[in-house]
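*Asks:* One structure, as structure tokens, below. Some questions next.
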Amino acid sequence: MKISPDIFENTEIAFADKSNGELRKAKALFQLMSNNSLVSLGSSLAGLALSLHLPVSPVFRYTVYNHFCGGETFEQCKKTIQKLDKNNVGVLLNYGVELKEREEDFNKTVEHNLEALAFGGKNKSVKALCIKLTGFGRFGLLEKIQAGDELSTAEKSEFNQMKKRFDKICQVAVKNEVPLYVDAEESWIQNPLDEMVEEMMEKYNRGKCIVFNTVQLYRHDRLAYLQHQIDRAIAGQYVYGVKLVRGAYMEKERERAKEMGYKSPIHKNKKDVDEDFNAAVGLCLDNLNNLYVCVASQSEQSNRLAMELIEKKKIEHNNPHVQFSQLYGMGDNMTFNQAKLGFNATKYLPYGPVKDVIPYLIRRAQENTSVAGQTTRELSLIVKEMKRRRG
Ligand SMILES: Cc1cc2nc3c(=O)[nH]c(=O)nc-3n(C[C@H](O)[C@H](O)[C@H](O)COP(=O)(O)OP(=O)(O)OC[C@H]3O[C@@H](n4cnc5c(N)ncnc54)[C@H](O)[C@@H]3O)c2cc1C
1012 MKISPDIFEN TEIAFADKSN GELRKAKALF QLMSNNSLVS LGSSLAGLAL SLHLPVSPVF
1072 RYTVYNHFCG GETFEQCKKT IQKLDKNNVG VLLNYGVELK EREEDFNKTV EHNLEALAFG
1132 GKNKSVKALC IKLTGFGRFG LLEKIQAGDE LSTAEKSEFN QMKKRFDKIC QVAVKNEVPL
1192 YVDAEESWIQ NPLDEMVEEM MEKYNRGKCI VFNTVQLYRH DRLAYLQHQI DRAIAGQYVY
1252 GVKLVRGAYM EKERERAKEM GYKSPIHKNK KDVDEDFNAA VGLCLDNLNN LYVCVASQSE
1312 QSNRLAMELI EKKKIEHNNP HVQFSQLYGM GDNMTFNQAK LGFNATKYLP YGPVKDVIPY
1372 LIRRAQENTS VAGQTTRELS LIVKEMKRRR G
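Counting from 1012, one number per residue, gives the positions in the sequence shown under our numbering.
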């Protein structure tokens, strides 16, 4: 079957799970987010209110939270998950609480993730659990390791604790058969993160794929890294799992490189990033015998290209080695149309207490104003569907 060029225009399929009221709410939200100054004012106020422990949760709950998150508890998430499942859309669960610095916080994050793995093990729509390794250990420690600084005895034991936490999560993921997608983070801590993930893949990905790393194609060295990892897994006889993304920290990366006077790890322009992203998709599809890949992108062009390549290479749409994912609350025109065509389509679904997920929500709102095209696109699709329903 040929993938039609206007495959992502079908709003009837895209918003099949949305009532008229939900569409009106989504429209109002994207209109709000298209206002730069409003979002920047709202973000600063929310940041301030959070630091002063003021009650901002209700405002967030009824606006951005409900749109971008699954719920505060697994019970609440179940409803969202069931709704998505009706349209054959799976979920990548993510405990949305970010970056804490104390050992007790890291232990709590482990507990939360173990609960998520138990929930995921019982729920076939949960296709994976997404985790950040900075949830299990200190950012500053990772920075020191990557810089090659000598660690004190206490720091060595701290790092061992971090690895133990990750290993525990992997063991339970294997037991419950829930894949783990490990996020990629800032380039100046990514080397120790990669090493930890590679070690766990080698240990646990025997005959099946449980541990996945993430490769950020906005980095100019990552296509070669990907090829190297594929070769290494073949030689080591383990299964390679990878989530492909462009990358979320471009501005931060460039600023740091400039400030510290080293060559930026990020490609000079978007065209080079797109070429590497698409080449990475091709490379993975050519090596499906030995790897599992998740194409994680909001780009219509990249999603379409991946779908066309799957067709061209005569790979079954529902081949379990290939999955697509977009953020919950965005890109429904891709996810739901992919699912309708039998591809493995998923939503990245954060959950957790409203006040703890606020940093994630602020980022989503800011991203939607900075990627002006994306908001306009979401809005135009919603308006198109509203018009279609009015007949
Ligand atoms: C399911 C899922 C999981 C994710 N996991 C991670 C993760 O683990 N780690 C992570 O970092 N991000 C992650 N992301 C975020 C992802 O990196 C961003 O959503 C992505 O960068 C946005 O790009 P896009 O592919 O959606 O497409 P587009 O909108 O086509 O691309 C935008 C991206 O291109 C790059 N870019 C834009 N302009 C330039 C330029 N001038 N020069 C160089 N590069 C440029 C930037 O990366 C920018 O974000 C994830 C996203 C999803 C949907």
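Every residue, glycine too, gets a C-beta built ideally from N, C-alpha and C.
DSSP state of residue 1335, grouped into three classes?
*Replies:* strand
*Asks:* Alpha carbon to alpha carbon, how far is residue 1179 from residue 1204?
*Replies:* 16 Å
*Asks:* At 4 residues or longer, and completely inside the region 1270-1332: list those alpha helix (DSSP H) runs for me, N to C.
*Replies:* Listed in chain order, they are 1281-1296 and 1311-1323.
*Asks:* What does the Cβ neighbour count give for residue 1194, buried or exposed, with the cut at 16 atoms within 10 Å?
*Replies:* buried
*Asks:* Return the chain-ordered list of same chain residues with a C-beta closer than 6 Å to the C-beta of residue 1132, the five sequence neighbours on each side being excluded.
*Replies:* 1187 and 1189
*Asks:* Is there at least one non-hydrogen atom of ligand 1 closer than 7 Å to the beta-carbon of residue 1349?
*Replies:* no
*Asks:* Quick check: the Cα distance between residue 1309 and residue 1388, rounded to an integer number of angstroms?
*Replies:* 11 Å
*Asks:* Using the Cβ count rule (16 or more neighbours within 10 Å means buried), how would you classify residue 1232?
*Replies:* So residue 1232 counts as exposed.
*Asks:* On the premise that residue 1142 lies in contact with residue 1191, defined as a C-beta separation below 8 Å, what is that separation, rounded to the nearest angstrom?
*Replies:* 6 Å
*Asks:* So, does the region 1288-1305 touch the region 1260-1275, judging by three or more C-beta pairs under 8 Å?
*Replies:* Cβ pair count under 8 Å is below three, so no.
*Asks:* In the structure shown, what three-state DSSP assignment does residue 1201 receive?
*Replies:* helix
*Asks:* Which one of 1101, 1016, 1313 and 1018 has the shortest CA to CA distance from residue 1135?
*Replies:* 1101
*Asks:* Check the C-beta distance from residue 1284 over to residue 1257 and give it rounded, since I have them as a contact under 8 Å.
*Replies:* 6 Å
*Asks:* In or out: residue 1242 buried (at least 16 other Cβ within 10 Å) or exposed?
*Replies:* exposed
*Asks:* Near residue 1347, what residues of its chain come up, given a Cβ to Cβ distance below 7 Å and the 5 sequence neighbours on each side ignored?
*Replies:* 1024, 1025, 1027, 1098 and 1100
*Asks:* Ordered along the chain, which non-local residues of its own chain (more than five positions away) have a Cβ less than 6 Å from that of residue 1202?
*Replies:* 1157.
*Asks:* Would the beta-carbon of residue 1257 be found less than 7 Å away from any heavy atom of ligand 1?
*Replies:* yes
*Asks:* Have a look at 1017, 1207 and 1119 and flag the residue whose alpha-carbon is nearest the alpha-carbon of residue 1146.
*Replies:* Looking only at 1017, 1207 and 1119, the smallest Cα-Cα distance to residue 1146 is reached by 1119.
*Asks:* With respect to 7 Å, is the separation between the Cβ of residue 1359 and the closest non-hydrogen atom of ligand 1 below this value?
*Replies:* Yes.
*Asks:* Is residue 1277 near ligand 1, going by C-beta to nearest heavy atom under 7 Å?
*Replies:* yes
*Asks:* Less than 7 Å between the CB of residue 1284 and some heavy atom of ligand 1, yes or no?
*Replies:* yes
*Asks:* The beta strand (DSSP E) spanning residue 1255 covers which residue range?
*Replies:* 1251-1256
*Asks:* Could you check what DSSP says for residue 1190 in three-state terms: helix, strand or coil?
*Replies:* coil
*Asks:* Residues in the same chain with beta-carbon distance under 8 Å from residue 1302, minus the five sequence neighbours each way, listed in chain order, please.
*Replies:* Here the set comprises 1220, 1241, 1244, 1250, 1251, 1252, 1253, 1295 and 1332.
*Asks:* When you measure from the CB of residue 1337 to every non-hydrogen atom of ligand 1, does any distance come out below 7 Å?
*Replies:* yes
*Asks:* Roughly how many whole angstroms lie between the Cα atoms of residue 1337 and residue 1344?
*Replies:* Distance between residue 1337 and residue 1344, taken at the CA atoms: about 10 Å.
*Asks:* Which residue comes first and which comes last in the alpha helix (DSSP H) that contains residue 1121?
*Replies:* 1114-1133
*Asks:* Say yes only if the C-beta of residue 1261 is nearer than 7 Å to one or more non-hydrogen atoms of ligand 1, and no if none qualify.
*Replies:* yes
*Asks:* I need the straight-line Cα distance from residue 1330 to residue 1354, nearest angstrom please.
*Replies:* 8 Å
*Asks:* How many angstroms separate the CA atom of residue 1096 from the CA atom of residue 1358?
*Replies:* Cα to Cα, the separation comes out at about 11 Å.
*Asks:* Which word fits residue 1198, buried or exposed, when buried means at least 16 other C-beta atoms lie within 10 angstroms of its C-beta?
*Replies:* Counting every other CB atom within 10 Å of its CB across the protein chains shown gives residue 1198 a total of 16 or more, marking it as buried.
*Asks:* Consider the C-beta atom of residue 1355 and the heavy atoms of ligand 1; say whether any pair is separated by less than 7 Å.
*Replies:* no
*Asks:* CB-CB under 8 Å to residue 1074, same chain, minus the five flanking residues each way: which ones, in chain order?
*Replies:* 1040 and 1043
*Asks:* Under 7 Å from any heavy atom of ligand 1, does the C-beta of residue 1329 make it?
*Replies:* Every heavy atom of ligand 1 is 7 Å or more from the Cβ of residue 1329, so no.
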